[in-house]
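So the protein lines, in turn, are chains W, R, B and E. With UniProt numbering, the residue at position 37 of the first sequence is 37, and numbering never jumps. With UniProt numbering, the residue at position 98 of the second sequence is 98, and numbering never jumps. With UniProt numbering, the residue at position 422 of the third sequence is 422, and numbering never jumps. With UniProt numbering, the residue at position 95 of the fourth sequence is 95, and numbering never jumps. Please read the structure below before turning to the comments.
Number of protein chains: 4
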Amino acid sequence: MPLGAFPTMNGSVDEVLNRPYEECGVVGIWGAADAAAMTALGLHALQHRGQEAAGIVSHDDERFYQHKGLGLVGDVFSDARVIGALKGHSAIGHNRYATTGATLLRNVQPLYADFEFGGLAVAHNGNLTNAATLRQALVKRGCLFQSTTDTEVFVHLIAISLYATVLDRLIDAAKQVKGAYSVVALTPTDLIGLRDPLGVRPLILGRFSEGGWMLASETCALDIVGAEYVRDIEPGELVVINGDGVRSLKPFADPHPRFCVFEYIYFARPDSILEGHSVYEARKQIGVELARESGVEADVVVPVPDSGVPSAMGFAVASGIPFEMGIIRNHYVGRTFIEPTDQIRNLGVRMKHSANRPALEGKRVVLVDDSIVRGTTSRKIVDMVRAAGATEVHMRISSPPTKHPCFYGIDTPEESQLLAATHTLEQMAEAIGVDSLAFISFDGLYRALGHRGREEANGRYCDACFTGDYPIELVDKEGKLVA
Amino acid sequence: MPLGAFPTMNGSVDEVLNRPYEECGVVGIWGAADAAAMTALGLHALQHRGQEAAGIVSHDDERFYQHKGLGLVGDVFSDARVIGALKGHSAIGHNRYATTGATLLRNVQPLYADFEFGGLAVAHNGNLTNAATLRQALVKRGCLFQSTTDTEVFVHLIAISLYATVLDRLIDAAKQVKGAYSVVALTPTDLIGLRDPLGVRPLILGRFSEGGWMLASETCALDIVGAEYVRDIEPGELVVINGDGVRSLKPFADPHPRFCVFEYIYFARPDSILEGHSVYEARKQIGVELARESGVEADVVVPVPDSGVPSAMGFAVASGIPFEMGIIRNHYVGRTFIEPTDQIRNLGVRMKHSANRPALEGKRVVLVDDSIVRGTTSRKIVDMVRAAGATEVHMRISSPPTKHPCFYGIDTPEESQLLAATHTLEQMAEAIGVDSLAFISFDGLYRALGHRGREEANGRYCDACFTGDYPIELVDKEGKLVA
Amino acid sequence: MPLGAFPTMNGSVDEVLNRPYEECGVVGIWGAADAAAMTALGLHALQHRGQEAAGIVSHDDERFYQHKGLGLVGDVFSDARVIGALKGHSAIGHNRYATTGATLLRNVQPLYADFEFGGLAVAHNGNLTNAATLRQALVKRGCLFQSTTDTEVFVHLIAISLYATVLDRLIDAAKQVKGAYSVVALTPTDLIGLRDPLGVRPLILGRFSEGGWMLASETCALDIVGAEYVRDIEPGELVVINGDGVRSLKPFADPHPRFCVFEYIYFARPDSILEGHSVYEARKQIGVELARESGVEADVVVPVPDSGVPSAMGFAVASGIPFEMGIIRNHYVGRTFIEPTDQIRNLGVRMKHSANRPALEGKRVVLVDDSIVRGTTSRKIVDMVRAAGATEVHMRISSPPTKHPCFYGIDTPEESQLLAATHTLEQMAEAIGVDSLAFISFDGLYRALGHRGREEANGRYCDACFTGDYPIELVDKEGKLVA
Amino acid sequence: MPLGAFPTMNGSVDEVLNRPYEECGVVGIWGAADAAAMTALGLHALQHRGQEAAGIVSHDDERFYQHKGLGLVGDVFSDARVIGALKGHSAIGHNRYATTGATLLRNVQPLYADFEFGGLAVAHNGNLTNAATLRQALVKRGCLFQSTTDTEVFVHLIAISLYATVLDRLIDAAKQVKGAYSVVALTPTDLIGLRDPLGVRPLILGRFSEGGWMLASETCALDIVGAEYVRDIEPGELVVINGDGVRSLKPFADPHPRFCVFEYIYFARPDSILEGHSVYEARKQIGVELARESGVEADVVVPVPDSGVPSAMGFAVASGIPFEMGIIRNHYVGRTFIEPTDQIRNLGVRMKHSANRPALEGKRVVLVDDSIVRGTTSRKIVDMVRAAGATEVHMRISSPPTKHPCFYGIDTPEESQLLAATHTLEQMAEAIGVDSLAFISFDGLYRALGHRGREEANGRYCDACFTGDYPIELVDKEGKLVA
């Protein structure tokens with residue numbers, strides 16, 4: 001489809017409600033040479049949080065510059081002239097992931113707008129739970145929407161706020177939205193960071209040794225550009241970064257941490273440190289707990305790469321069963337490889353994973369993976385492992401059963417499609433074709449994160465995808481739209 | 001520039017004020033099979049009104065479909081699948097021309113927006129003279145602008161109007177804008193056409209024999225799809241077209257015709273009939289009047305193709321001097337051919353025109369062109385004709401001297417760059433290197449259009465580019481911005 | 001289809017035999033600054049000879065540079081960096097036209113090859129009549145073909161020639177091929193031009209006032225870069241251009257002129273001068289002869305633009321009937337506009353031409369066109385003219401009836417599809433729906449070219465498409481392949 | 001650079017000599033449904049052997065079909081229509097890697113040519129050592145070269161061979177070339193596979209359970225399409241595959257195995273089985289031998305991912321030191337990410353690898369990698385590991401020191417740039433900044449491959465990059481060109 005093709009448009013609230021939930025990464029730089037290039041590198045380090053589009057807005061004390069595109073950071077910013085045209089010492093950037101083909105260029109963040117008080121660029125990681133409700137009210141008021149992103153709701157709220165300063169307007173907007181949001185924003189003078197009152201999504205503050213500040217979704221983005229970790233932005237905290245340093249505001253009445261536990265299990269990069277915990281160590285420790293809880297007699301422990309590797313290592317160490325790379329991941333898999341016939345479609349998961357027969361043949365295998373969603377991928381992997389000669393396959397999962405969808409920024413199918421929501425453990429084991437199946441317990445999970453167990457951790461994490469305990473009101477979903 | 005690259009952004013009113021004036025063509029179809037394809041064909045016939053971008057929005061009783069792109073209509077809609085995806089029996093389309101490289105995709109019309117009352121698509125030919133003033137006020141009110149087009153001002157006024165129906169909102173918006181505008185708009189039920197109270201830009205109504213209606217900037221767009229001409233939309237008239245036929249509204253207090261005389265001289269296609277006059281006949285008749293007013297002894301009458309052809313034919317017939325195609329136009333000239341060196345740049349106009357030496361050598365030549373703007377092109381053509389052996393060159397121009405810029409939708413440079421604004425007739429003749437120079441008189445011009453002369457035509461046309469008599473207030477230009 | 005997609009390949013001789021005949025333009029420059037840019041401009045002036053692909057090879061005394069692409073010259077060479085990368089003071093270029101979608105990049109000329117004696121680039125306008133026969137012999141000998149062009153046959157013959165110098169090898173090759181060929185070739189030291197012994201296709205020599213030489217298919221290519229016309233290369237002449245000037249060789253035993261008369265009628269640009277005759281004057285004079293031979297009572301003379309314009313002017317002058325632009329050509333027609341439905345397909349020719357109703361309504365019309373091939377286009381134009389209100393339509397054609405295909409470089413359908421090959425004059429008139437139809441006589445045609453009539457011109461032109469008298473043996477066609 | 005841009009051309013033998021050495025993967029399918037799709041999947045599994053271009057030629061009993069492109073297999077064949085257009089039950093394919101930007105489309109394999117006896121497509125993995133010498137002779141003879149690949153030398157030798165059948169011609173050609181070559185070729189009836197007399201590069205035979213045969217560089221390509229491993233093609237063996245099954249020819253006098261030992265160490269995929277050995281097991285066993293030979297007191301064993309992982313695992317098991325993923329690889333690194341400033345360039349290797357601080361901080365680290373080439377990458381990784389807090393870094397390399405370039409198909413820099421060629425072990429340790437450095441011994445390496453040590457393996461592998469003992473004559477390099 002040529003430049004500018006928008007397949008269809010439709011203003012119905014239904015579509016907005018059913019849009020794919022976004023997973024994202026954000027970066028902000030203030031006061032550093034090559035701010036746009038640094039931002040691009042940070043986005044590159046956060047590529048695992050969103051691979052379908054990327055954008056950067058920079059400012060050079062005179063004007064804003066912008067570049068956005070569909071694809072990986074390395075593709076969108078592959079031309080040195082593009083980076084060179086993004087002048088200035090401050091910049092914000094965004095990676096975007098969406099589950100359908102509907103990724104339109106107009107949805108790519110950061111969003112930029114001219115206001116009475118000047119320009120403002122905004123990028124955001126997370127999901128608003130009252131976006132559709134607010135959008136309906138804003139449209140009623142005469143606001144014109146150009147995208148289907150939550151971020152534009154934010155921007156309109158800023159535009160129509162009666163407060164005078166951009167800061168007060170941003171706070172005004174933040175108080176009206178509900179949901180998970182880690183926001184970075186850029187004005188002609190300031191870099192602003194904001195985390196929702198529960199701090200569901202991460203946001204990290206870093207500093208350059210030669211001066212200048214950095215905000216990013218994960219510490220791995222600081223590492224790639226050599227920025228030093230300062231601290232995590234606190235839940236409900238707003239930071240204003242400029243020549244005077246970092247000013248902290250706490251505009252919310254009752255912030256308290258409910259950090260997303262799934263960031264530890266799967267979503268964050270293993271070399272990141274979130275809320276003081278090493279993601280890698282957390283995953284390894286879950287493997288240790290899993291081995292204690294659900295040990296089994298076997299010949300090899302095999303991870304489903306890459307996310308299952310640390311847990312499998314922990315399981316192997318704790319169980320004494322040898323660790324083997326029994327499954328090889330093909331790192332050249334793009335999203336574009338079209339499988340043209342039924343015969344080939346059946347080859348399925350083998351595009352991404354292949355069995356390492358010598359490590360599996362004639363072995364009793366403990367297979368360690370991070371989660372079971374629909375179960376179809378698990379089934380294919382189990383079949384592949386058996387076809388390579390495994391005599392037994394015991395699946396161990398480093399998360400509790402995923403029974404509920406996420407509304408806070410992780411892409412998950414609806415409840416009816418989650419295997420654990422509709423099957424007992426035994427039925428699940430049968431569905432994926434394993435000899436035994438076990439998930440980490442809540443106690444084990446939270447012990448691995450340094451608590452004494454589930455009770456102690458209670459109310460300190462968002463684990464709604466496992467428990468259904470949603471800490472932020474699901475306004476749009478609960479039909480308050482029509483109210 | 002890669003997908004999605006917006007070189008720079010800047011919200012300053014200055015830039016908005018200095019934006020290139022747009023020349024455009026619009027088409028609307030209601031109740032016809034293949035509405036989008038018909039619209040594309042109509043835009044193709046109107047390609048001379050704008051070559052840099054094209055767009056179509058269609059509706060199929062359920063939803064809107066949109067496709068836009070930079071380039072000619074035939075390029076933007078070259079793929080049958082693109083046209084096929086624009087479903088429905090109603091559609092509107094737009095051709096756009098802009099004089100600088102700043103043609104951004106987000107500026108391409110029609111503009112579409114979701115309103116509380118449903119979707120609306122709007123396209124517009126002309127120029128608002130208070131667009132910057134209104135824009136400033138709208139931004140102050142919290143409106144977010146995505147483009148730099150006048151059309152978006154219109155759309156925001158519709159969005160914030162307190163009237164209930166889309167029709168009342170559209171009229172409300174129309175009453176607030178000043179300028180030249182021929183608008184086509186599409187709602188889920190209606191095709192709407194609107195001409196400003198002076199009817200500066202054309203808008204024509206046509207009908208399909210098998211049912212269905214068409215609006216277009218010129219009759220040549222009706223001809224290409226076999227639609228029958230019904231009538232010109234009247235100045236200040238708004239038509240609502242749907243299953244009940246064509247309903248006419250006259251929302252303005254004091255409409256009266258001030259049709260753009262330059263449409264006859266240059267801008268419209270010769271086979272179009274505007275306000276009851278054949279453009280081709282008008283141009284030929286101007287040539288006749290020119291010969292009467294400014295006859296000269298010569299051997300050949302040579303047009304500067306293509307726009308000078310009919311006037312040169314009229315001149316030849318009236319003067320008895322043979323008509324010759326002494327200049328050949330190269331029809332393959334694209335806009336993209338970059339001339340890399342000074343030497344080649346000096347070859348200049350020869351990219352588009354070449355001298356037909358046998359028709360010029362040793363001849364006294366009457367050269368007929370439609371207008372002199374900066375004079376640089378005229379100079380190059382005269383030099384080329386002399387280099388081909390013409391012994392005398394007498395330039396005859398089928399318009400009065402262009403002394404003032406147009407603010408109503410024709411791209412012209414500012415006054416200081418108009419040769420006629422700063423030179424006497426003798427100085428102009430010298431500047432372009434001719435033996436004699438004459439422009440059509442106002443009396444001659446209006447006689448050619450069927451009036452008894454200038455007096456009778458007075459106040460019935462907009463001829464501001466020749467007279468400086470601007471019939472519509474130049475709000476933005478006159479600095480009312482700061483008021 | 002992505003870069004490098006070759007839909008299918010097939011080595012059969014049948015396909016090679018049935019390949020589309022090519023129409024082409026060639027340019028060569030020696031000893032001029034900006035040689036590649038000058039070549040691009042020359043190709044631009046020759047764009048009417050081939051619009052589907054363009055290529056340039058240059059040499060800077062050290063190495064060769066090459067750029068080729070599909071599309072118009074202005075598109076292929078739109079980037080100043082591309083022209084800039086084609087360094088050197090000598091260059092050759094080629095425009096290519098092919099009638100089917102099979103234009104592959106590997107077929108785009110000039111062809112370049114490394115030989116034992118160094119590099120050589122070759123481009124050619126025309127058609128070899130023993131290309132398939134030679135190709136078969138070369139393949140048998142172990143030659144590998146990369147393209148389906150005649151030019152590659154030439155290049156292989158040069159490669160395997162036993163002569164020592166490139167010049168002798170080129171002559172050796174030329175003596176083995178049969179057909180129409182105007183060749184330009186570039187070696188590290190020389191620009192070479194060669195015209196076949198009958199000189200069927202044109203080739204012109206020009207000179208730059210500041211030094212340097214130019215070869216081109218037509219004089220219009222000299223004009224655009226300001227080169228002075230020196231002379232036409234003679235039939236069978238080979239010129240070697242380098243620092244010593246222009247050396248002329250006559251390697252063929254019996255050269256004599258059989259210049260293609262269709263170049264005058266249709267193919268060449270009107271402002272070109274070929275073999276001493278102005279194309280424009282020739283066409284006008286044909287119109288004069290037509291009026292004398294086939295005068296008719298009528299109200300207007302209307303050309304089918306653009307090629308019919310000069311003849312119609314001549315007809316009008318000779319007959320005293322007013323000349324009118326009753327048909328307008330839309331110059332924005334690209335090749336890519338896909339007509340998606342039957343309804344729209346029926347609108348047919350109107351994409352390119354539209355009727356100018358005021359010049360046709362109620363008139364008896366003499367319609368002047370250059371030729372009738374299949375008759376379908378003529379029929380559509382006649383219908384359009386009648387629909388615009390013409391009361392009578394008299395078609396006058398500025399060529400004799402086209403009864404035979406061309407094998408020498410003009411694209412024509414096979415005999416069975418030529419209307420004149422299968423219909424009497426009366427049947428043709430009925431088929432295209434005119435009140436009367438007349439073609440120029442051979443006597444009239446050759447009188448218009450300055451001869452006393454057909455007899456005097458006999459054997460001085462190739463008019464095989466009208467007479468079937470093919471002056472060059474049709475080796476491939478006549479089945480000598482199997483011999 | 002647009003379609004068809006070939007930056008420069010130059011026929012000098014020097015350039016041909018200095019062309020980048022190619023690493024490649026090949027696939028062939030005979031008698032299987034969806035042969036092209038299967039070939040694409042096989043190439044996808046072999047993507048690690050070449051990432052810059054891919055091509056497939058298929059045959060459907062009537063004609064050949066071809067598609068080639070620059071980029072990954074998944075990009076070149078991303079469009080289902082492209083695969084769909086490659087009809088037939090037989091196909092061959094090729095992945096290509098080249099170290100410079102000079103990857104031209106015309107160099108992409110398979111090469112196809114029309115011969116007297118019909119069409120033939122050829123693809124080849126390896127490097128000829130007398131390609132330039134042969135090429136010079138062929139050009140002298142009148143052969144035209146279109147590419148700079150060794151494969152085209154092969155194809156020309158086939159074209160000019162005096163033998164009658166394609167098979168005899170192929171053998172004739174094979175006897176004239178020297179070097180490492182695993183060739184797959186496709187005729188209208190047969191799939192042909194050929195391995196050079198020393199079998200330096202791998203070539204595997206597989207079978208589909210539902211009928212049909214497959215050739216591939218590695219067994220992992222069989223696995224992805226579910227083909228069963230039959231056997232390795234033998235050194236010097238030529239197989240002809242058609243409806244009669246697999247016919248084996250042994251055209252060479254003295255074949256004997258000298259398989260490339262570097263395929264085990266680095267180049268092949270770990271899940272492949274080559275010459276009966278599991279690559280994964282071989283690598284793990286090298287790690288075991290390394291630990292035995294060069295044990296060191298440390299806290300963690302850390303692989304440089306991905307190729308260092310199995311050896312590090314073996315080292316960890318044998319040494320009892322815990323295995324940790326102390327370095328994380330970013331799998332989204334494309335080749336296109338341009339690092340725009342010096343500051344960013346210095347960040348270097350961090351684009352691809354990042355330190356996992358919690359696994360390194362305060363630890364004595366054994367770092368396991370597959371080889372040291374220039375040493376620059378090693379230095380950056382060591383620095384990164386130290387910056388993450390490692391107190392000691394001990395580097396262990398799973399190959400002997402790389403002291404000589406490969407001329408048989410593995411891309412290596414010239415000798416002067418190989419760190420081991422110019423430095424002692426102590427100097428190397430200092431250059432890369434480690435506390436200790438050890439390479440596997442030859443005895444250890446060959447023990448890991450199942451031999452009793454170096455002596456037993458002597459003459460059974462090509463280990464020229466470590467020993468300088470080149471088993472195939474380096475004709476071009478040794479200046480026999482001028483003879």
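Note that the Cβ used here is the ideal one computed from N, Cα and C, for glycine as well. Everything numeric in this text was worked out from a predicted model, so none of it was measured.
- Task: Grab me the residues of E/I321's own chain with a C-beta within less than 6 Å of its C-beta, minus the 5 sequence neighbours each way, in chain order.
- Result: Within the same chain, E/I321 has close Cβ partners A298 and V301.
- Task: For E/E339, decide whether its Cβ has a neighbour in chain B, counting only Cβ atoms nearer than 8 Å.
- Result: Residue placement at E/E339 is poorly supported in this model, since its pLDDT is 49, which falls under 50; the coordinates still yield a value, given next. No, its Cβ sits nowhere closer than 8 Å to a Cβ of chain B.
- Task: Closer than 6 Å by C-beta to B/V368: which residues in its own chain qualify, once you throw out the five before and the five after it? Chain order, please.
- Result: Around B/V368: P303, G308, S311, A312, F315 and R396.
- Quick one: does the C-beta of R/F407 sit closer than 7 Å to a heavy atom of the ligand ATP? With respect to the ligand ATP, the structure offers nothing, as it holds no ligand at all.
- Whose Cβ in chain B lies nearer than 7 Å to the Cβ of E/I160? Within 7 Å Cβ-Cβ: G142.
- If you draw a straight line from the C-alpha of R/E152 to the C-alpha of W/A185, how long is it? As the crow flies, the alpha-carbon of R/E152 is around 26 Å from that of W/A185.
- Task: Mind checking which residues open and close the alpha helix (DSSP H) that includes R/S319?
- Result: Counted as a single uninterrupted DSSP element, the alpha helix (DSSP H) harbouring R/S319 occupies residues V309 to S319.
- Message: Counting only C-beta atoms, is R/N242 closer than 8 Å to chain B at any point?
- Response: With a threshold of 8 Å between beta carbons, R/N242 makes no contact with chain B.
- Give me whichever residues DSSP pairs with E/H156 in a beta bridge. The partner list for E/H156 (beta bridge, DSSP) is empty, contrary to what the question assumes.
- Continuous beta strand (DSSP E) stretch holding B/R386: start and end: Note, B/R386: premise wrong, no beta strand (DSSP E); alpha helix (DSSP H) at T376 to A387.
- Task: Closer than 7 Å by C-beta to W/V475: which residues in its own chain qualify, once you throw out the five before and the five after it? Chain order, please.
- Result: Once the five neighbours on either side are set aside, the close Cβ partners of W/V475 are T129, N130, T133 and K178.
- Task: Assign E/R452 to one of three DSSP states: helix, strand, or coil.
- Result: Looking at E/R452 - three-state DSSP - the assignment turns out to be coil, as it is neither helix nor strand.
- Min CB distance W/E52 to chain R below 8 Å: False, the Cβ-Cβ gap to chain R never drops below 8 Å.
- Message: Using 8 Å as the threshold, is the C-beta distance between W/Y332 and E/G74 below it?
- Response: Yes, these two residues count as a Cβ contact at 8 Å.
- Helix, strand or coil at W/V166 according to DSSP, with G and I counted as helix: Three-state DSSP puts W/V166 in a helix.
- Task: Let me know if residue 485 of chain B comes out buried or exposed under the rule of 16 or more other beta-carbons within 10 Å of its beta-carbon.
- Result: Residue 485 of chain B falls outside the range modelled here, since chain B spans only 1 to 483, and no answer is possible.
- Task: For R/E263, I'd like the list of residues in its chain whose CB is within less than 7 Å of its CB, leaving aside the five on either flank, ordered along the chain.
- Result: Within the same chain, R/E263 has close Cβ partners P202 and L274.
- Between the Cα of R/E289 and the Cα atoms of R/E116, R/D443, R/C24 and R/G55, which residue gives the shortest distance? Nearest C-alpha to R/E289 among R/E116, R/D443, R/C24 and R/G55: R/D443.
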